[in-house]
Amino acid sequence: MNTTAGKDSMTLLNGGNYIYWRTKVKAILIRDDLWDIVNGLKPEAPTTAWQKQNNKAMALITLSIEDSQLLHIANCDTAFEMWEKLQKQFARSSFGSQLYLRRKLYGIRFTSVSMQNHINSVLEVVELLKGAGTEITTGDLPESYSGLVAALEGRDEADLTVEYMNDHGAVAKVISGDERSRPGSDRKSPQRSTAFTTCERAQIAKANGGWLIDSGCTPHMTNDRSFFTELKENVGEVLLVTKEMTPAEGIGDGKVRCRLPNGNIEDITLRDVLYVPELGGGLMSVSKITKNGYRVIFENEGCRVKQRSDGAVVATARLEGNLFLINSVRTVESAHSAVDTKASLEQRHHRFGHRDPNAVKKLLTDGLVHGLILEGSEHELPPCECCIRGKLNQQPFPNSKSRATKPLGLIHSDLCGPMRTATPSGNRYCLTVIDDYSRYAVVWLLKHTSHVPNAIQEIIRECTTQVGYKPKVLQTDNGKEYINEWLLRLLKQQGIKHQTTVIHTPQQNGVAERKNRSLQEMAKCMLLDSNLPTRFWGEAMLTATYLQNRLPSRSVSKTPKGLWDGKRPNVSHIRIFGSKCFTFVPKQLRTKWDDKAEEGVLVGYSDTTKGYRVLDVASNKVRISRVVKIIEPETPTKTSQCPVSEGEHCSDELDGNFPQPSPVAISPKQSPMEMEVSPRVATPELQVRVSQRATKGQPPKRFCTDAKCHNVYEPASMDELSQLPAREQQLWMKAAMEEMRSMEELQVWQLTDLPPGRKAVTVKWVFKAKLNPKDQVETYKARLVARGFSQRYGQDYDETFAPVVKYDTVRTLLAVAAARKLHVRHLDVRSAYLNSTLEEEIYIEQPPDFVVRGQEDKVLLLHKSLYGLKQSARAWNKMATDTLAKLLFEQGKADQCLFSRLERDRSRTYVLLYVDDLLVVGTTPEITKKVGAQLNKFFQTKDLGDVKNYLGIQIEREGDGSFLLHQRNKIDKLLEPDVAVAVGILSRRVENPMEFDWKSVKRIMRYLSTTKDFKLRLSPIGDMELKCYVDADWAGHKTYRRSTTGFVFKLGNSVMAWSSRKQSVVALSSAEAEYVAASNACRGLLWLRLLLNDLGILISGPVLVFEDNQACIKMVDSDRLGARTKHIDVCHHHLRDLRAQNIIMLYYCPSLKRHNQPTKNFSQPSKVLACWHKSSLCVPR
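Position 410 of the sequence shown, counting from 1, maps to 410 under the UniProt record's numbering, and the rest follow consecutively.
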């Protein structure tokens, strides 16, 4: 795209260069005498001259903006309106924008090569702040700049010079002009110790917890009291670089443990070390250490400390910036067991989720917890912007006049929601249950209000087990989630009295209302402080609950958890929510050269195991990890990948698919291993109304919604899109504009009037984020979709059937490609449906937010097909089939989505069609590229290169030509044939699931989690012989006594197809069950023979069918109908006909050799050891 406008070579506005754009455009407007028009000058009666100037200004502004930004000024009538709208959109004048810019300014670090670029980046943010109506003063600077501020305020500006600048942008050493000119000005009083420390030194020492070698420091100094083996207090004062006198509270001796390059550990004993709490780090004086028998050698990349006596190296230091940081030994921080260091009141305030600082002080003064050390003597917390934004104007609720005298005597509950933004798992409600005596809270995240009764039942059951008391009274409001037959019956059975509030009087449930409010405020502050998107409100609420249970309040003198279980909680593991962290990767999950740690974001604490809840940046999943290295107070900014692009959704792996109740308040036995987890959710078990309407084999859409794992937040409509942050709006609107541009290029419609008696089909926008194999956002897609349900049969559509490729065809084609060393290329058709022509006359409404001004009453007559129409798939398939026929491709008889063409060299080229995804298989890459070029003449295609992901299957190719197939996140039935029997059995119980069925589901999940690293191998080794293995589990169904059929087809050494299903008849013997199974398998065998024939592979001889029942084989070979076989249905006797035609040949395969009969895994649940015999099916990664 051209980035300039006209002869002025003016940069176009793209949303991120507003400051530069505004300056240049303003200069041009002033030069052309148009600035007064833009600045708001407008006569009461606009003249022709004024209108002409206004039009010129509007044209100049419009031509200086990129296409993606034109939507902001589309409805403006004057240049003044345009300027004001752009100013409002990009000037960031809101309070939240000012806070964002301040954080950005304080977080700027010198990382570029040019200092000028660094200064320009600072000035740019300052200009943005000025445009937002705020100025930066020394009082606005963060605490890390306190040394600089003190130095600057203590000097006249004319006398200040900067000796050098470090990467924090702070003055490293400030001296007056007189001192700079006098060589002897560095003389110091003998009564004072001097430390020429800097902001940079304090920051590095604090961040790394280490020691700096300082040649400008007179004595050794440290702020760590635990360093000293012995300490004498009150020794005097220390003169810092700012000329401030800082008290040294003690002097003593200690040891520094240093790690040498060879891995050895050496101890250096330091004597007469000053204890300076305000120092911020440790300083090792060069002059002191040389007097104690050591030598310090400074080099380019660091320095070494040697003993004078034997020259042995006892310590090394690396150069960081302009400072020498000693390589000291530190212990690995482990979750819930780390020894806490001192932290300021402000830092504790952030760690405890922005709770009232008085509560933090009370933890320390009253000794309510373990592991809490407060640094410094500060008593007042400076104003917290996050608390102001999250807690302002809160209204107190009246206090209750009575209190319970023991746990569970009275419990309060309230439901909060629905939230406008769902969690990554689809939760929109938050259920809170509070114990009146201890104020201990339990929070559950729910998808629907119907889950409340089941959640309360689980909470009551587990809380009763925890404390040994039974609840007596439950107090709630009059919501329908509490006033329902099932919950009232449950409370009556448990002997629990149900108290409700008077209608429209929530104050009577003040405890629950106040708890909900405080939790939400706390969660909101943590989200603001961490820069995490709103969709993580669920994790923030759970963390807020965890923290509040360990903090006192005005209503209780001790911590709620201490009153709940009588144990004083340990809070040494508490860290700031949203902190950047690294989790340890077990050696079983990495190779020798992989990193040992993965980056993540701290989002909470686990009550079920001893570990932190960490949002994995790479996989966008929440995991529980025990070994975590947390970096405070840095928090990762929003990125375009989930986790953390504003408005996007990341997913917890199991939440929504197989939820397991686990409330935040319960602490079951700990797990010894790390696991992937999801937020606590409730699972409905009873009173679920089952629809009597037939589903035609398709699950309800609500199940599809719960099962989806989102990596980004996908708005459901234009209205929802308008509520997203500006950056997200731009991404989605850009996709929508590209879709509209494609419509125009392909001439999809024509604007016209709606004929009488016709009804226009409604349309909507569907937004989807396309992910790559690593679950990262690849492209943002916006589709204009017709609401097909409003079409009328016979008028708007007739036939709708369109073939879909079978997965067996995909595997068979890849198996042939592996055997013949063929090249496989992946093509994607851009806007496939828009290329096909409609035969019917269909009218649709104009797209939302793209209505033609002045012609709002008109509709669009479709010339091309549109997504969502009932006949769109059929129209596109017909167009694609006709196009391939023009290129001399023949349509397959077994699968209508398979096409083949005979080339001049007698080789074959194949095309596999699945909607807009095409696989082109040929002997060389040149042939596949040629086919792509031929298709590109009819419709626009995108060459994705070698196939890597097709229909949700990840495809890898090895050096020998074999293919490895596996799933991206979950084990699909296509790639794990050995669970087909379990899935089939459980599918029979969906109408009336029991607790046993739920346990079976969990058993399958455990199995899949163990074997998820297995892959299906399509090997080139072996001949192209087709084989079939068949088996039956006779009377395996304990209720209906029906058998289960299982069979596998192999082409050479590659598994192409398999099946496991319940037989439709009751077999009276094992031989009959095997006979029926063989009959079903041979039906699939005939289809595979036809498919292979389409691929140019002729099966001349009979296909071997391996069977482990000799009676069944005799029944096939014999034409007689005995007394035991005459009742078998005629449809199964076609086996004999196939045997007579020499199409099949049954071969006895003893069932004892299970690895020779792989179908045992399809007809009977496999034993653990037997699973390892499937080496011919799956291979580990």
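For every residue, glycine included, the Cβ atom is placed at its ideal position computed from N, Cα and C.
Query: Based on DSSP bridge pairs, tell me the residues matched to Trp749.; Result: Leu862
Query: Put Glu458 into one of helix, strand or coil per three-state DSSP.; Result: helix
Query: Given the structure, does Thr762 come close to the ligand GDP, in the sense that its CB is under 7 angstroms from one of the ligand's heavy atoms?; Result: Looking at this structure, you won't find the ligand GDP or any other ligand, since it has none at all.
Query: Between which two residues does the beta strand (DSSP E) harbouring Ala760 extend?; Result: Ala760 -> no beta strand (DSSP E), and no H or E assigned at all.
Query: Where do the N-terminal and C-terminal ends of the beta strand (DSSP E) with Ala786 fall, by residue?; Result: Val777 to Ala786
Query: Starting from Met1056, trace the beta strand (DSSP E) in both directions and tell me its first and last residue.; Result: Ser1054 to Lys1062
Query: Which value, in whole angstroms, describes the spacing of the CA atoms of Thr62 and Asp77?; Result: 12 angstroms
Query: Pick out whichever of Arg758, Thr881 and Glu799 has its Cα sitting closest to the Cα of Glu839.; Result: Glu799
Query: Given this structure, state the Cα-to-Cα distance separating His498 from Ala359, to the nearest angstrom.; Result: 32 angstroms
Query: Determine whether the Cβ of Gln896 lies closer than 8 angstroms to any Cβ atom of chain D.; Result: Within the model displayed, chain D is absent; a lone protein chain is all it includes.
Query: Out of curiosity, what's the CA-to-CA distance linking Leu1018 and Thr928?; Result: 21 angstroms
Query: Since Gln954 sits in a beta bridge, which residues does DSSP pair it with?; Result: Asn949 and His966
Query: So what does DSSP say about Lys502, is it helix, strand or coil?; Result: It should be noted that the sequence gives Val, not Lys, for residue 502. Three-state result, Val502: coil.
Query: Pair every Cβ in the stretch 751–759 with every Cβ in the stretch 848–865, then say whether three or more of these pairs are closer than 8 angstroms.; Result: yes
Query: So is Asp1023 buried or exposed if we call it buried at 16+ other beta carbons inside 10 Å?; Result: exposed
Query: Glu778 to Asn1109, Cα distance in whole Å?; Result: 53 angstroms
Query: Kindly indicate which three-state DSSP category Gln51 falls into: helix, strand or coil?; Result: helix
Query: If you run the structure through DSSP and keep just helix, strand and coil, what is Arg428?; Result: coil
Query: Just to confirm, is the Cβ distance from Leu1026 to Leu1092 under 8 angstroms?; Result: yes
Query: Rounded to whole angstroms, what's the CA-CA distance from Asn936 to Lys1050? Just pull it up for me.; Result: 36 angstroms
Query: Between the C-alpha atoms of Arg901 and Lys942, what's the straight-line distance to the nearest angstrom?; Result: 22 angstroms
Query: Express the C-alpha separation of Val1030 and Tyr1075 in angstroms, rounding to a whole number.; Result: 10 angstroms
Query: How far does the beta strand (DSSP E) with Glu599 in it extend, from its first residue to its last?; Result: Ala597 to Tyr605
Query: Using a threshold of 8 angstroms, state whether the C-beta atoms of Gly868 and Ala786 are closer than that.; Result: yes
Query: Give the single residue among Trp593, Thr505, Tyr440 and His504 whose Cα lies nearest to the Cα of Arg550.; Result: Tyr440
Query: Give a yes or no on contact between the stretch 820–827 and the stretch 715–724, applying the rule of three or more CB pairs nearer than 8 angstroms.; Result: no
Query: Alpha carbons only, please: which of Glu521, Leu474 and His448 is nearest the one belonging to Ile434?; Result: Leu474
Query: Under a Cβ-count criterion, where at least 16 other Cβ atoms within 10 Å of its own Cβ denotes burial, should Thr635 be classed as buried or exposed?; Result: Confidence in Thr635 is poor, its pLDDT being 41 and thus under 50, which makes the residue's placement unreliable; the coordinate value appears in the next sentence. Buried, because 16 or more other Cβ atoms sit within 10 Å of the Cβ of Thr635.
Query: Give every residue of the same chain whose Cβ lies closer than 8 angstroms to the Cβ of Ser413, excluding the five residues on either side of it in the sequence, and list them in chain order.; Result: Leu431, Thr432, Val433, Ile434, Ile456, Leu474, Gln475, Thr476, Tyr482 and Ala512
Query: Grab the span of the beta strand (DSSP E) containing His1134 for me, first residue to last.; Result: From DSSP, His1134 is part of no beta strand (DSSP E) but of the alpha helix (DSSP H) over His1134 to Ala1140.
Query: Of the choices Gly1084, Arg957, Arg792 and Gly794, whose alpha-carbon is the least far from that of Asp895?; Result: Gly1084
Query: Measure how close the beta-carbons of Phe939 and Val829 come, nearest whole angstrom, since I'm counting them as under 8 angstroms.; Result: 6 angstroms
Query: Name the DSSP bridge partner or partners of Glu266?; Result: Cys258
Query: Express the C-alpha separation of Thr1044 and Val1066 in angstroms, rounding to a whole number.; Result: 10 angstroms
Query: By the DSSP assignment, the alpha helix (DSSP H) with Val1076 in it spans what residues?; Result: Ser1070 to Asp1094
Query: Rounded to whole angstroms, what is the Cα-Cα separation between Val25 and Asp67?; Result: 17 angstroms
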